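K.L.:
One structure, pasted below without further comment.
2 protein chains.
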Amino acid sequence: MKDFEFYNPVKVIFGAGKFAALGTESAKYGKKVLLVKQTGPLEKLGIYAKATSYLKSAGMEVFEMGGVTANPKVSSVREGIAICKSKKIDVVVAVGGGSGIDCAKAIGVGAMYDDDIWDFFLGKKVAEKSLPVGVVSTLAATGAEMSLHCVITNEELKQKYASHFAVNFPKFAIIDPALHLSVPRFLTAAGMCDTITHSAENYFAGDPLNPMTDRIAEGVVHTVIESEKVLDEPDNLELRSNLAWAATISINGLTDCGRGAFEYGAHIIEHNIAAHHDVTHGAGLSVVHPAWLAYICERNPTRFAHFAERVFGPKKGSKSDLALGLEGIAMLKAKYKAWGLPVTMAELGIKDESSYEAIAASILVDPDSFIKDKKIVFDVLARCK
Amino acid sequence: MKDFEFYNPVKVIFGAGKFAALGTESAKYGKKVLLVKQTGPLEKLGIYAKATSYLKSAGMEVFEMGGVTANPKVSSVREGIAICKSKKIDVVVAVGGGSGIDCAKAIGVGAMYDDDIWDFFLGKKVAEKSLPVGVVSTLAATGAEMSLHCVITNEELKQKYASHFAVNFPKFAIIDPALHLSVPRFLTAAGMCDTITHSAENYFAGDPLNPMTDRIAEGVVHTVIESEKVLDEPDNLELRSNLAWAATISINGLTDCGRGAFEYGAHIIEHNIAAHHDVTHGAGLSVVHPAWLAYICERNPTRFAHFAERVFGPKKGSKSDLALGLEGIAMLKAKYKAWGLPVTMAELGIKDESSYEAIAASILVDPDSFIKDKKIVFDVLARCK
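First to last, the protein sequences are chains A and B. Numbering of the first sequence is given in the numbering used here, commencing with residue 40 and proceeding in unit increments. Numbering of the second sequence is given in the numbering used here, commencing with residue 40 and proceeding in unit increments.
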C-alpha cells in the first residue's frame with residue numbers, strides 16, 4: 040500500500056424527499072444564492088421551480104443562471120462568475136447532474152479570483168479558495184456531488200480538462216433518489232458505466248496491494264451490476280438508491296486510497312474525444328473503457344485475472360491470466376452492450392477516423408494525462424471498432 | 040435503504056513514517072499543545088519523546104498529561120480539561136490507541152464548557168464545540184482516529200458510556216503503520232476482533248437493503264481475515280497497513296449508511312462488562328460478539344445466511360437459513376479462538392456470575408442501549424460459556 044491522504048468534508052444528505060432541505064442547508068452560507076440550471080428536462084419537470092421555492096422559503100435572494108449543457112462550457116462558467124461578482128453572491132447551488140455541479144464548482148473558484156478561470160484547468164493557477172457550493176444530484180453518474188473533481192470544456196480551444204482542488208468539495212450534497220426516477224434509460228445506463236469506470240481505472244494502476252480499497256472498488260461494480268434491473272424498472276426507488284450511493288462512493292476518493300497513482304486512462308481518452316465530438320460522457324466511456332482495459336490488460340494480466348474472478352466469477356482453471364483477464368473485460372463490455380450503450384466509435388456517432396490525430400494531440404497536452412505517446416491512443420482507438 | 044447523513048471531515052494522513060508530520064499538522068491549530076499519553080509501552084518505546092520533539096520542532100509549547108489507561112477514565116479526562124483551562128491550550132494531541140484518542144476527544148469538549156464532562160456522556164448535554172484535536176493512531180482497532188465516537192469509563196459510577204458528537208471528529212489523523220509493528224500479538228488480535236465487530240454490528244440491524252454498505256462492511260471483514268498472517272509476521276508492514284485502513288473504514292460512518300439503526304449490541308454489552316471488570320475491549324468483544332450474533336441470528340436468520348455465504352463461503356444447499364447463519368457465526372468464533380482471543384467469560388477472567396445482575400442493570404440505563412430487557416442480557420451471557 041502506498042502512502043496517501045484522504046480528506047472529504049462533504050456533508051451528504053441522502054434520501055427520497057431530501058431535496059426539500061436545499062433551502063435550509065444553503066441559507067447557512069449566506070443570503071444571496073446563484074442557482075445553476077442545466078438545459079434538458081429538469082426545468083420542464085418543475086425541479087428548478089421547486090429549488091427556487093425551497094431557497095426563497097429559507098429567506099434567500101435567488102439569482103439564476105441557465106443554459107448549462109452536458110460537457111459544460113467554460114463560457115457558462117464565465118457567465119456565472121460574472122453574476123457572482125456583480126451580485127455579490129454568497130453561495131452557489133447546482134441542481135443537476137455532473138455538468139451542473141462541475142459548472143458550479145468552477146464558478147465558485149472563479150468568483151474568488153481575478154485570473155482567467157481556464158488558467159486553473161491548464162495547471163497554471165492553484166485554487167485555495169472558493170465560494171461555498173451546495174449541490175443536489177439528479178443523476179447517479181459522475182459522483183461530482185462528493186468529489187473534488189471538476190471537468191469543464193473549453194469549446195474554443197477544444198479542450199476538456201479537469202481540476203482537482205480541495206476547495207472544489209461541495210459544502211453539502213443532497214442525494215435524493217426520488218429525483219432520479221425520471222432519468223431516461225440511456226442516461227441511467229451511461230451513469231452506470233461512468234460509476235463502474237471510476238472504480239475500475241485506478242484499480243489497475245499503481246500499487247495492487249490494497250485489499251480494503253480493492254473491496255470497496257469491487258463492491259461498487261457489484262452494486263451497479265446487481266442493480267441493473269433498474270433499466271426495466273425505472274421507478275424502483277431501492278435500485279435508484281443503490282446506484283446513487285455507489286456512484287458517490289466510486290469517486291469520493293475511497294477507491295484511490297493507497298494506489299500511489301492517479302491514472303484514469305479511459306477518462307483521459309474520453310474527455311479528449313468529447314473535446315472534439317459532443318458525446319455523452321458515460322456513452323463515450325462504454326466505448327473506450329473496454330478498449331483501454333484490453334490495452335493495459337496485455338501489460339499487467341495478473342491484476343485483471345484478479346478483477347475478473349472477484350467481480351465476474353469465472354474460475355481460472357487452466358487459463359492464463361491474460362485469457363482470464365480478457366474474459367472479464369469481455370463480460371464487462373457485454374454488460375455495457377446489453378444496457379443499450381454504444382461499444383464502438385461508429386455506435387457513438389463517430390463514423391470515420393478523421394479526428395483521431397486531433398484527439399491524440401489533445402491527450403498528449405492534457406495536464407492530467409499520463410499518456411505521452413500517441414501510438415497508445417491509436418492502439419486503444421483501434422480497439423473501439 | 041433508509042435515509043442517512045454522512046459527514047466525516049477528518050484529514051487522514053496514512054503511511055509509514057508519517058508520524059513525523061505531527062508537528063506541522065498540530066501547529067496549524069495554535070501554539071500551545073496538550074500531549075495526551077497512555078500508560079503502557081509507548082513511553083519506553085520512545086514514541087512520546089519523538090512526539091514531543093516533532094511538536095517542539097514546529098515551534099509549539101508542549102504540555103503533557105500521562106497516565107491514561109485502557110478503558111480511559113473520566114478522572115483522566117477531568118485532569119486534561121483542567122490543564123487546558125489553566126494553560127490556555129490551543130490544540131489537544133493524542134498519540135496512542137483508542138484510549139488515548141477518546142480521552143483527547145473528551146478533553147477537547149470539556150475544555151470548552153463549564154458543565155461537568157460526564158453530563159455529555161449521560162445525554163444531559165450536547166457538545167457543539169471542542170478544542171481542535173489531532174491524533175496519531177498506534178494500533179489498528181477502535182477506529183477512533185476517524186470516528187465521532189468517544190467512549191469513557193466513569194470508574195466511581197461503574198459506567199462506560201459513549202458520546203457521538205460531530206465535534207468529536209479529530210482535525211487530522213496520522214495513521215502510521217510503522218508504529219503498529221511493535222503491537223504484541225494479543226492486542227493485534229483484539230484489534231482485529233474490534234474491527235470486525237464494528238462492521239458486523241449494524242450489518243444485522245435496521246434495513247438490510249444496502250448493497251453498497253454491505254459490500255464495504257463485508258470488505259472490512261474479508262480484509263482482516265485475509266491479513267491474519269500478521270499474527271505470525273508482526274513486522275509485515277503491508278499486513279499492518281491493511282489492518283490499519285480496515286480498522287479506520289470500519290467505524291468512520293460508512294458501514295452504518297442507510298441502515299436507519301444504530302444497534303451495536305455486542306459493544307453495549309462489552310462496555311458494561313468493562314464498567315465492572317477491567318477487560319481489554321477487543322477481548323471482551325471476542326467473547327460477547329459470537330454470543331450476541333447467535334442470539335439475534337435466531338430472530339433474523341436470513342440476514343445471517345447472507346453474511347455467512349458472502350464472508351465465509353459455505354454454500355446454502357439444503358440447509359436452513361438458521362443453520363447456515365449459525366455455521367457462519369461458528370466460523371467467526373473459531374477465528375477469534377485461533378487468533379488466541381478468549382471466547383468464554385472464564386477465559387476473559389470472569390469466573391462466576393456474581394456481577395451479571397450489575398452488568399444487566401448497567402445496560403438497561405446506558406443512554407446508548409436499545410436493550411431494554413435484562414432477560415436478553417442473561418440470554419447472551421449464558422451463551423458465553
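All residues carry an ideal CB built from backbone N, CA and C; glycine is no exception. Remember, predicted model here, so these are calculated numbers, not experimental data.
1. Once DSSP output is grouped into helix, strand and coil, what is the label at C189(A)?
2. So is S92(B) in contact with chain A if we call contact Cβ pairs under 8 Å?
3. Under 8 Å Cβ-Cβ, which residues of chain B neighbour H261(A)?
4. Hey, is W284(A)'s beta-carbon within less than 8 Å of any beta-carbon in chain B?
5. Quick one: what's got a C-beta closer than 6 Å to C189(B)'s C-beta in the same chain, skipping five residues either side?
6. My output table needs one value for G98(A): the three-state DSSP class, helix, strand or coil.
7. In its own chain, which residues sit with a C-beta less than 6 Å from the C-beta of H316(B), not counting the 5 before and 5 after it?
8. Which residues does DSSP list as the beta-bridge partners of N47(A)?
9. Mind checking the stretch 48 to 62 of chain A against chain B and listing, in chain order, the residues whose C-beta falls within less than 9 Å of any C-beta there?
10. List, in chain order, every chain B residue whose beta-carbon is nearer than 7 Å to that of S280(A).
11. Chain A partners of E277(B), CB-CB under 8 Å?
12. Determine the chain B residues that contact C232(A) at a beta-carbon separation under 8 Å, and present them in chain order.
13. My output table needs one value for V404(B): the three-state DSSP class, helix, strand or coil.
14. According to a CB-to-CB cut-off of less than 8 Å, which residues of the stretch 294 to 327 of chain A neighbour chain B?
15. Decide if P329(B) is buried, meaning its Cβ has at least 16 other Cβ atoms within 10 Å, or exposed.
16. How would you list, in chain order, the residues of chain B whose beta-carbon sits under 7 Å from the beta-carbon of Y68(A)?
17. Taking Cβ positions, are W284(A) and V419(A) nearer each other than 8 Å?
18. Identify the contact partners of F346(A) in chain B, using a Cβ-Cβ distance below 9 Å as the criterion.
19. Which residue comes first and which comes last in the alpha helix (DSSP H) that contains K441(B)?
20. Does A66(A) pass the burial test, meaning 16 or more other C-beta atoms within 10 Å, or should it be called exposed?
21. Could you tell me whether the Cβ of F204(B) comes closer than 8 Å to any Cβ of chain A?
22. Is it the case that the Cβ atoms of T177(B) and H237(B) are separated by a distance below 8 Å?
23. Report back the beta-carbon spacing between V116(A) and Q77(A) to the nearest angstrom; my notes put them in contact at under 8 Å.
24. Regarding V416(A) and the ligand GTP, is the C-beta to nearest heavy atom distance less than 7 Å?
25. Check whether chain A comes within 8 Å of I290(B), counting only Cβ atoms and requiring the distance to be less than that.
26. Taking the alpha carbon of A229(B) as the point to measure from, which residue in A256(B), E257(B), H345(B), V382(B) has its own alpha carbon closest?
27. Quick one: what's got a C-beta closer than 8 Å to S261(A)'s C-beta in the same chain, skipping five residues either side?
28. Of all the residues that make up the stretch 382 to 396 of chain A, which are near chain B by a beta-carbon distance shorter than 8 Å?
29. Rounded to a whole number of angstroms, what is the C-alpha to C-alpha distance between D155(B) and K112(B)?
30. Cβ closer than 7 Å: which chain B residues qualify as neighbours of E267(A)?
31. Measuring alpha carbon to alpha carbon, tell me which residue in C232(A), S359(A), S401(A), C336(A) is nearest A373(A).
32. When Cβ atoms are compared, which residues of the stretch 184 to 203 of chain A fall closer than 7 Å to chain B?
33. Using 8 Å as the Cβ pair cut-off and three pairs as the minimum, do the stretch 244 to 254 of chain A and the stretch 280 to 297 of chain B touch?
34. With a threshold of 8 Å between beta-carbons, can G258(A) be considered close to chain B, or not?
35. Taking G304(B) and I410(B) to be in contact with their CB atoms under 8 Å, please state how far apart those CB atoms are, rounded to whole angstroms.
36. Just the chain B side, please: which residues come within less than 7 Å of E366(A) by C-beta, in chain order?
P.N.:
For this structure:
1. strand
2. no
3. P250, R254
4. yes
5. D141, K144, A145, S202, N207
6. coil
7. I389
8. N47(B)
9. P48, V49, K50, V51, I52, F53, G54, A55, G56, K57
10. M40
11. M40, L248
12. Under the 8 Å cutoff, chain B gives no residues; its nearest Cβ is about 17 Å from C232(A).
13. helix
14. C296, G297
15. buried
16. The premise fails here: Y68(A) is roughly 15 Å from chain B at the closest Cβ pair, so nothing lies under 7 Å.
17. no
18. Under the 9 Å cutoff, chain B gives no residues; its nearest Cβ is about 15 Å from F346(A).
19. An answer regarding residue 441(B) cannot be provided, because it is not within the stretch 40 to 424 covered by chain B.
20. buried
21. no
22. no
23. Going by Cβ atoms, the distance from V116(A) to Q77(A) rounds to 13 Å, so no, they are not a contact pair.
24. Looking for the ligand GTP in the displayed structure turns up nothing, as the structure carries no ligands at all.
25. no
26. V382(B)
27. A small correction: the amino acid at residue 261(A) is His; Ser does not occupy that position in the sequence shown. For H261(A), where only same-chain residues beyond five positions count, the Cβ hits under 8 Å are V350.
28. none
29. 14 Å
30. Here the premise fails: no neighbours, minimum Cβ distance about 12 Å.
31. C232(A)
32. none
33. yes
34. yes
35. 7 Å
36. None at all; the shortest Cβ gap to chain B is about 22 Å.
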